[in-house]
Amino acid sequence: MIISLFLIGLFSGIVTGLLSIGGGIILIFSLMIIPPLLLNTQFSMHTIFSFSIMQGFFSSLSGGYYYISNQLVDKKIIFMLGIPAMFGGTIGVLFANQISDFNLRILFATLAIISAILMQIPTNKAEDPTPIPKNKKVWTVSIIFGVLIGILGGMVGLSAGFIFVPLMIFFYKLPIKMSIGTSLITCFLLSAGSLVSKLSMRDIDFGQVAVLIVGGIIGAQIGGRITKKLKSITLKRIAAYSILLVSCKLYYDLFV
Numbered sequence: 322m323i324i325s326l327f328l329i330g331l332f333s334g335i336v337t338g339l340l341s342i343g344g345g346i347i348l349i350f351s352l353m354i355i356p357p358l359l360l361n362t363q364f365s366m367h368t369i370f371s372f373s374i375m376q377g378f379f380s381s382l383s384g385g386y387y388y389i390s391n392q393l394v395d396k397k398i399i400f401m402l403g404i405p406a407m408f409g410g411t412i413g414v415l416f417a418n419q420i421s422d423f424n425l426r427i428l429f430a431t432l433a434i435i436s437a438i439l440m441q442i443p444t445n446k447a448e449d450p451t452p453i454p455k456n457k458k459v460w461t462v463s464i465i466f467g468v469l470i471g472i473l474g475g476m477v478g479l480s481a482g483f484i485f486v487p488l489m490i491f492f493y494k495l496p497i498k499m500s501i502g503t504s505l506i507t508c509f510l511l512s513a514g515s516l517v518s519k520l521s522m523r524d525i526d527f528g529q530v531a532v533l534i535v536g537g538i539i540g541a542q543i544g545g546r547i548t549k550k551l552k553s554i555t556l557k558r559i560a561a562y563s564i565l566l567v568s569c570k571l572y573y574d575l576f577v
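Taking our numbering, the leading residue of the sequence shown gets 322, the next gets one more, and so forth.
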């Protein structure tokens, strides 16, 4: 069990290091598929989401430190989007506690398909030198976005980087590196809110989570080294198609 969890964390960490997004989805899919096949054990979706929230918290924190130290974050956007996302994450976990495993699987598969579509966006060609003005309308929209994304992320154990990165680029018009940095801190806040709710429910096995986290940290370092040698757009397409195929398989298993 411990070795399998370590390898699952390692694999999701490599994906995160390669692509910056999608690691949480890969982690959840791996926890859904691998334990029943190799260990004759099946985790509930609530347990899987607990694992994902905990790993997402530490991954986004460690990844975000680099961007903060290099001043590659937009503090205003973090405040008006990240804080609402944190409260949304807290609410989302409470909602998820009232939802069946079957419905959580449907919700997760739907969000995974959305992420596969968003990962196709060619972000490297999307930079706009004109930042969006932080007026009252933008604040209002940001707060609404933050709460809604936070609720969805909290419900399915995702820090929602696959939503935040395109949002930073196409709505807030931030440069690519600042989009990733600001997104990571926003993801950290969402995960923090979700984690608070999970801890209050005493719904986390810290021993198993620790193994996943160690694997994820090592994997992220490996992924970061690999990505220097490969084209990121090709990797994103491969990951997106893989997520799409597994999502369709999940739908098939649920309804057929």
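The C-beta atom is built at its ideal place from N, Cα and C for all residues, glycine as well. Model, not experiment: these values are computed from the prediction.
Quick one: grab the DSSP three-state call for residue i.
i: Gln392; result: coil
i: Tyr572; result: helix
i: Thr519; result: Before going on, a small fix: residue 519 reads as Lys here, not Thr. Three-state result, Lys519: helix.
i: Asn418; result: coil
i: Gly475; result: helix
i: Ala481; result: coil
i: Pro496; result: coil
i: Phe364; result: coil
i: Ile525; result: coil
i: Gln376; result: helix
i: Asn424; result: helix
i: Gln441; result: coil
i: Met322; result: coil
Leaving out five residues before and five after residue i in sequence, what residues of the same chain have Cβ atoms less than 8 Å from its Cβ?
i: Ile506; result: Ser381, Gly385, Tyr388, Ile389, Val394, Ile399, Gly403
i: Ile564; result: Gly343, Ile346, Ile347, Phe350, Ala433, Ile434, Ser436, Ala437, Met440
i: Ser365; result: Asp422
i: Thr461; result: none
i: Ile369; result: Ile349, Leu352, Met353, Gly478
i: Val567; result: Phe350, Ile354, Ala433
By how many angstroms is the C-alpha of residue j removed from the C-alpha of residue i?
i: Ala531; j: Leu360; result: 19 Å
i: Ile525; j: Lys494; result: 38 Å
i: Ile472; j: His367; result: 15 Å
i: Leu425; j: Asn391; result: 38 Å
i: Leu488; j: Phe509; result: 16 Å
i: Ser515; j: Lys396; result: 21 Å
i: Pro535; j: Gly330; result: According to the sequence displayed, residue 535 carries Val and not Pro. C-alpha separation (whole angstroms): 7 Å.
i: Phe492; j: Met322; result: 43 Å
i: Phe408; j: Gln529; result: 26 Å
i: Ile412; j: Val517; result: 10 Å
i: Gly502; j: Arg523; result: 31 Å
i: Ile539; j: Phe466; result: 32 Å
i: Phe379; j: Gly537; result: 9 Å
i: Pro496; j: Leu358; result: 43 Å
i: Phe332; j: Pro356; result: 14 Å
i: Val459; j: Gly474; result: 22 Å
i: Met401; j: Leu326; result: 36 Å
i: Arg558; j: Lys457; result: 37 Å
Where does residue i land, buried or exposed, given buried means 16+ other C-beta within 10 angstroms?
i: Ile324; result: exposed
i: Tyr562; result: exposed
i: Lys519; result: buried
i: Ser351; result: buried
i: Ser521; result: exposed
i: Ser512; result: buried
i: Gly410; result: buried
i: Gln578; result: Absent from the structure is residue 578, since the part of the chain shown begins at 322 and ends at 577.
i: Thr362; result: exposed
i: Phe576; result: exposed
i: Ile547; result: exposed
i: Phe372; result: buried
i: Leu571; result: buried
i: Gly527; result: Per the sequence shown, residue 527 should be read as Phe rather than Gly. The residue in question, Phe527, is exposed, as its Cβ has fewer than 16 Cβ neighbours within 10 Å.
With hydrogens ignored, establish whether the beta-carbon of residue i is closer than 6 Å to any heavy atom of the ligand NAP.
i: Arg426; result: No copy of the ligand NAP appears in this structure; indeed no ligand is present at all.
Taking 6 Å as the limit between beta carbons, can you name the residues of its chain near residue i, skipping five residues before and five after?
i: Thr431; result: none
i: Ile464; result: Pro405
i: Ile484; result: Ile470
i: Tyr573; result: none
i: Lys498; result: Leu393
Leaving out five residues on either side along the sequence, give the residues of the same chain with a beta carbon under 7 Å from the beta carbon of residue i.
i: Ile374; result: Gly478, Ser512, Ser515, Leu516, Lys519
i: Leu328; result: Gly536
Counting only beta-carbon atoms, is residue i nearer than 7 Å to chain D?
i: Tyr572; result: Looking at the structure shown, chain D is missing, and only one protein chain is on hand.
_For the structure I just gave you, are there three or more beta carbon pairs, one from the segment 404-421 and one from the segment 473-485, closer than 8 Å?_
Result yes; three or more Cβ-Cβ pairs closer than 8 Å.
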